[in-house]
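Residue numbers (this note's numbering), protein chains in the order written: chain A, 267 to 621; chain B, 267 to 621.
Reading through the structure tokens given below for one structure.
Number of protein chains: 2
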Amino acid sequence: MELFIVIMAGGVGSRFWPRSKERKPKQLIRIFGENTMIQDTVKRLNGLVENKNIYVITNRLQKLRIKEQLPDIPEENIIDEPFGKNTAACIGLASIIIKQKNPEAVTIVLPSDHLIKNEEEFQKCLLNSAKFAYESRGLVTIGIKPTRPETGYGYIQFDEKEIENNIHKVLTFAEKPNLSTAIRFIESGDFLWNSGIFIWRVDVILDELKKYLPEHYEGLLKIESAINTNDFESQLTQVYGQLRSISIDYGVMEKADNVYVTKADFYWNDVGSWEAVYEVSEKNEDGNVIIGDVYSEKTYNSYIFSPRKFTAVIGAENLIIINTNDALLICNRNYAQDVRQVVDYLKMNNRTDLI
Amino acid sequence: MELFIVIMAGGVGSRFWPRSKERKPKQLIRIFGENTMIQDTVKRLNGLVENKNIYVITNRLQKLRIKEQLPDIPEENIIDEPFGKNTAACIGLASIIIKQKNPEAVTIVLPSDHLIKNEEEFQKCLLNSAKFAYESRGLVTIGIKPTRPETGYGYIQFDEKEIENNIHKVLTFAEKPNLSTAIRFIESGDFLWNSGIFIWRVDVILDELKKYLPEHYEGLLKIESAINTNDFESQLTQVYGQLRSISIDYGVMEKADNVYVTKADFYWNDVGSWEAVYEVSEKNEDGNVIIGDVYSEKTYNSYIFSPRKFTAVIGAENLIIINTNDALLICNRNYAQDVRQVVDYLKMNNRTDLI
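This is how it looks when you write it as structure tokens:
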């Protein structure tokens with residue numbers, strides 16, 4: 267069994283404005299410590315596969331920065347899509363490219379911007395799932411044991427019968443629930459958080475795409491025929507221009523039969539907003555996370571980021587303060603999802619310098 | 267009767283950090299509209315005296331900016347003290363200088379950084395008080411009819427008998443009271459807010475200084491003897507170096523007998539903090555005052571100043587946000603007085619670039 271990694275790094279991350287920009291979204295910034303999110307994602311895979319077997323799928327705006335941030339990944343493995351067309355297209359493209367190397371390769375597809383702790387457990391879980399995917403020809407997802415009725419995540423309901431090593435058949439995928447549904451999910455004990463990590467053989471996922479998304483499959487064949495020719499770029503652009511934007515979850519996973527989930531025990535957080543960053547960061551005795559040149563008093567449970575300019579905060583509570591070179595965000599932690607609306611406002615007003 | 271104006275402009279205004287700096291305190295910044303506070307102070311006196319009769323007492327750090335901001339005031343009327351030694355010294359210095367022009371001159375001494383509305387009423391009140399001061403040889407203050415139990419102001423208790431035109435004898439000066447005392451003051455009906463405006467003849471105030479602050483008076487005589495000589499600067503520095511720092515209120519007004527107050531009817535606010543600026547500013551329908559390049563939503567009763575850099579505020583309430591080129595302040599409106607502590611912190615840490 268040969269293992270490949272596909273890191274999906276196309277997100278624009280408007281919820282992390284003003285630190286994230288179109289050219290520099292969440293995965294490319296240092297939210298936790300010295301590494302960017304994508305650097306941590308690669309580091310976390312250390313030892314699992316060789317660098318030549320790691321692929322990154324991104325877009326033109328981000329490609330250069332990704333090359334800079336991941337100098338050990340071969341340049342030709344960093345692939346830019348001409349348009350963002352959601353995960354089904356992205357995974358299809360990665361699959362036909364890896365197929366050239368090894369049609370029976372097992373690929374682990376994962377997001378570039380999630381937080382995962384306990385690397386050893388993480389790798390053990392991936393390896394175990396990969397072996398199962400190779401042998402069973404199944405589509406395997408990683409499900410995280412939920413610790414709270416989170417309404418920001420999708421859920422996976424699993425069959426209680428354990429097939430082997432924490433691997434179960436998937437019964438249903440559930441979209442982000444409301445709070446009472448989330449509580450019901452947790453209480454039932456048979457729901458897991460959907461981590462967005464997928465493991466399968468390339469031949470298997472391409473068969474599934476053929477079956478459930480035949481138009482995608484047709485397009486992928488055209489792209490495949492142009493690999494290693496001068497027509498590749500134009501063919502890619504041509505095909506992508508006509509592809510529907512659809513997720514692998516909706517397009518394949520929810521329809522296929524041979525879908526499995528591995529119950530995982532490592533810490534996982536998709537870090538979907540500044541509020542999530544606050545929650546997973548280490549706080550001082552006042553509940554504050556303070557990064558940069560900051561004076562604070564009578565200030566509690568706040569996230570303050572001001573690396574370049576001096577910031578004084580007096581009497582603030584539950585605030586997210588992000589003071590960057592070109593813009594300042596002050597946001598109540600309860601409204602962290604609304605940060606997107608600032609980006610919409612800036613787009614509408616042609617403030618392209620700020621987004 | 268010849269009238270002179272003395273504008274006291276030596277304050278460093280640390281409560282308006284980060285807009286105010288040592289070199290550019292409150293009186294020299296544009297808090298309300300197009301003019302700086304000191305420009306408004308001069309404009310408000312328009313027609314009352316000629317510019318040659320307007321004097322400004324300041325310090326070396328501010329002198330140049332004051333000259334720039336008040337190009338119509340003769341340069342020689344802008345006088346810098348070598349050290350700040352509180353109002354008794356400042357008023358003494360102005361008095362010996364004006365005495366050279368006219369020993370019987372009436373001087374109106376006023377702060378450079380207060381907000382006053384209803385100019386006509388204001389000028390009428392000053393002129394009326396000046397005439398009384400000239401004839402009675404009294405020390406006249408301006409007292410403002412209080413509209414709320416403000417704990418940030420000093421109070422003046424007046425004798426109920428009206429001498430003439432709203433002028434009463436002063437019974438006592440009261441320091442900033444606590445809330446219950448302030449309420450008692452308001453209910454009694456015989457207390458006014460102390461506006462810090464004084465009106466007297468120069469010969470009279472110099473006599474009072476001789477009586478109650480004889481060391482000050484001795485020093486002033488030495489300075490006077492050096493006026494129009496090459497020794498003036500060194501004599502001034504010599505004398506000021508040894509002067510006690512004491513206010514005219516404490517040093518003279520509270521001790522003298524011939525003290526009067528004019529009950530004034532114009533709007534007055536000493537604008538002592540960002541909270542006061544918020545209070546006296548015009549608000550939008552959400553109770554916000556917004557100046558500059560700002561996006562806001564779910565934000566109420568806040569003061570947001572961000573002229574240069576884009577600021578987005580989501581879900582803030584009762585905040586003061588001052589985003590300047592070199593520093594950012596975020597302060598709960600209830601803690602506006604604590605802004606000083608930021609300046610103390612910066613001083614202690616030798617961050618002189620920021621203060």
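Here a beta-carbon is modelled for each residue, glycine too, at the ideal position from N, C-alpha and C.
The model shown is predicted, which means the values in this text are computed figures rather than measured ones.
Closest in alpha carbon position to Asn524(B), among Gly409(B), Asn352(B), Lys435(B) and Lys318(B), is Lys435(B). The residues Ser562, Thr565, Tyr566, Asn567, Ser568, Tyr569 and Ile570, in chain order, have a CB closer than 8 Å to that of Asn554(A) in the same chain once the five nearest residues on each side in sequence are set aside.
Look at Tyr506(B) here: in three-state DSSP terms it is helix. Against Asp592(B), the close residues of chain A are Lys575 and Phe576, in the order they occur along the chain (beta-carbon pairs closer than 8 Å). Straight through space, the alpha carbons of Asn325(B) and Arg606(B) are spaced by roughly 20 Å. Residues of the segment 555-584 of chain B that bring their beta carbon within less than 8 Å of a beta carbon in chain A comprise Tyr561, Glu563, Lys564, Ser572, Lys575, Phe576, Thr577, Ala578, Val579, Ile580, Gly581 and Ala582, in sequence order. For the segment 299-323 of chain B, the beta-carbon criterion of a distance under 7 Å to any beta-carbon of chain A is satisfied by none of its residues. If you draw a straight line from the Cα of Met267(A) to the Cα of Asn368(A), it comes to about 10 Å. Listed in chain order, the positions of the segment 396-413 of chain A with a beta carbon within less than 9 Å of a beta carbon of chain B would be empty, since no residue qualifies. Secondary structure at His482(B): helix, using DSSP grouped into helix, strand and coil. Shown here, Lys351(A) sits in coil according to DSSP, grouped into three states, outside any helix or strand. Chain A has a Cβ within less than 8 Å of the Cβ of Gln607(B).
With a threshold of 16 other beta carbon atoms within 10 Å, Pro284(A) meets it and is buried.
Phe270(A) is a Cβ neighbour of Ile364(A), given a cutoff of 8 Å.
The beta strand (DSSP E) runs of length 3 or more contained entirely in the segment 413-438 of chain A are, from start to end of the chain, 421-430. In the structure shown, the three-state DSSP call for Ile332(B) is helix.
Using beta-carbon distances, Ile357(A) does not count as an interface residue toward chain B, since no partner is under 8 Å. Ranking Ala492(B), Glu481(B), Asn496(B) and Ile514(B) by CA distance to the CA of Gln508(B) puts Glu481(B) first. Each residue's CA atom was taken as its position, placing Asn598(B) and Glu583(A) some 9 Å apart.
As computed with DSSP, Ile339(A) is found in no beta bridge at all. Taking a beta-carbon distance threshold of 8 Å, Ile295(A) does not count as an interface residue toward chain B. Cβ contact annotation for Glu541(A) (same chain, cutoff 6 Å, sequence separation greater than five): Arg599 and Ala602, in chain order.
In the DSSP annotation of this structure, the continuous segment of the beta strand (DSSP E) that includes Met274(A) starts and ends at Leu269 to Met274. DSSP, read as helix, strand or coil, puts Ile471(B) in helix. For Ala582(A), no alpha helix (DSSP H) run applies, since DSSP gives it neither H nor E. The residue among Ile493(B), Asn444(B) and Glu288(B) with its C-alpha nearest the C-alpha of Val609(B) is Glu288(B). By the C-beta density criterion, Met274(B) is buried, having at least 16 other C-beta atoms within 10 angstroms. For Tyr419(B), not one C-beta of chain A is nearer than 8 Å to its own C-beta.
No Cβ-Cβ contact shorter than 8 Å links Phe457(A) with Phe464(A). Val527(B) and Ile449(B) have their C-alpha atoms spaced approximately 21 Å apart.
For Leu294(B), no alpha helix (DSSP H) encloses it, and the DSSP letter there is neither H nor E. Listed in chain order, the non-local C-beta contacts of Gln423(B) below 6 Å within the same chain comprise Leu437, Thr438, Asp456 and Phe457, local neighbours out to five positions each way being set aside. For the pair Arg617(B) and Ala371(A), the Cα-to-Cα distance works out to about 59 Å.
Assignment of Gly409(B) by DSSP, reduced to helix, strand and coil, places it in the strand class. Using a C-beta cut-off of 8 Å, the segment 291-310 of chain A makes no contact with the segment 391-400 of chain A, since fewer than three inter-stretch Cβ pairs fall below that distance. Looking at the backbone, the Cα of Ser500(B) and that of Val543(B) are separated by about 40 Å.
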